[in-house]
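In terms of the UniProt record's numbering, the sequence shown is residues 1 to 184. The structure under discussion appears below in the form of structure tokens.
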Amino acid sequence: MNAHRLVLKISKDEIQNRVRALAAQIASDYQGKDLVMVGVLKGAFIFLADLIRSLDMPVEVDFIRIASYGTSTESSGGITLSKDLECSIDGRDVLVVEDIVDTGLTMRWLMGHLQRRNPRTVKICALIDKYERRAVEMPVHYAGFRIPSGFVVGYGLDFAEKYRGLQGIYEVAFDAMVEGSHAG
Ligand SMILES: O=P(O)(O)OC[C@H]1O[C@H](OP(=O)(O)OP(=O)(O)O)[C@H](O)[C@@H]1O
Ligand SMILES: Nc1nc2[nH]cnc2c(=O)[nH]1
Ligand SMILES: [Mg+2]
Numbered sequence: 001m002n003a004h005r006l007v008l009k010i011s012k013d014e015i016q017n018r019v020r021a022l023a024a025q026i027a028s029d030y031q032g033k034d035l036v037m038v039g040v041l042k043g044a045f046i047f048l049a050d051l052i053r054s055l056d057m058p059v060e061v062d063f064i065r066i067a068s069y070g071t072s073t074e075s076s077g078g079i080t081l082s083k084d085l086e087c088s089i090d091g092r093d094v095l096v097v098e099d100i101v102d103t104g105l106t107m108r109w110l111m112g113h114l115q116r117r118n119p120r121t122v123k124i125c126a127l128i129d130k131y132e133r134r135a136v137e138m139p140v141h142y143a144g145f146r147i148p149s150g151f152v153v154g155y156g157l158d159f160a161e162k163y164r165g166l167q168g169i170y171e172v173a174f175d176a177m178v179e180g181s182h183a184g
């Protein structure tokens with residue numbers, strides 16, 4: 001892993017306030033509906049845990065584990081499924097809970113995968129909508145924060161499996177390139 005520093009972008013308090021506001025919006029939009037929240041492992045586990053504890057309505061929780069190949073800061077769009085849903089979503093309202101949408105390739109794959117199971121609706125809730133590198137059009141119906149670019153960690157998000165437990169969101173700043181070498 002290249003030498004790097006972490007720069008605080010979103011504080012713990014800002015995250016907590018925003019999560020509460022998102023939960024209030026979701027509860028209002030889905031009142032009386034049969035809602036299933038699908039957390040995308042690993043990154044979404046902390047966000048989903050906080051979101052449902054602020055949610056003033058019954059909800060079923062399930063998880064799916066998908067990962068994309070590539071180096072630790074680049075997603076390539078080659079998706080592998082290592083744990084599928086366990087509940088039926090036939091005729092139900094599904095809200096996918098993600099930590100971050102970047103190129104959108106992970107979400108595009110997942111939307112196709114879920115649509116084949118005949119849900120009534122599928123929407124996306126992401127803590128971070130990182131919009132500048134989008135490779136496919138992908139709406140984020142409930143976005144915690146919108147950032148243009150930068151590789152961020154904390155609150156579930158990792159860099160080579162580190163930093164998921166940080167309470168804020170930090171940008172990874174790679175140390176300046178040494179002349180004649182490449183920062184990867
Ligand atoms: O929009 P994209 O460019 O597809 O990138 C977003 C995806 O990348 C990260 O997952 P990762 O594969 O790192 O798995 P993880 O959740 O286990 O860290 C993140 O959690 C999203 O699922
Ligand atoms: N941890 C982390 N994973 C990502 N996957 C796509 N973008 C990001 C990011 O900024 N941080
Ligand atoms: Mg990751």
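Ideal Cβ positions, reconstructed from N, Cα and C, are used throughout, including at glycine.
For this session: Could you name the residues of the same chain whose beta carbon sits closer than 7 Å to that of Glu-132, not counting the 5 residues immediately before and after it, in chain order?
Result: Pro-148 and Ser-149
- For Asp-62 versus Glu-98, is the C-beta distance shorter than 7 Å? no
Only counting the same chain, and skipping five residues up and downstream in sequence, which positions put a Cβ closer than 6 Å to that of Asp-158? Arg-164
Next on the checklist: With H, G and I counted as helix, E and B as strand and the rest as coil, what does DSSP make of Gly-112?
Outcome noted: helix
Fill in: Backbone secondary structure at Met-151 - three-state DSSP
Checking the sequence shown, residue 151 turns out to be Phe, not Met. Coil, per DSSP.
**Study point:** Length of the line joining the Cα atoms of Phe-174 and Asp-84
**Key:** 35 Å
Euclidean distance between Cα positions of Ser-88 and Ala-3: 45 Å
TODO: Compute every distance between the C-beta of Ile-100 and the non-hydrogen atoms of ligand 2, then say whether any falls below 6 Å.
DONE: yes
**Request:** Give me the Cα-Cα distance between His-141 and Asp-93, rounded to the nearest whole angstrom.
**Result:** 14 Å
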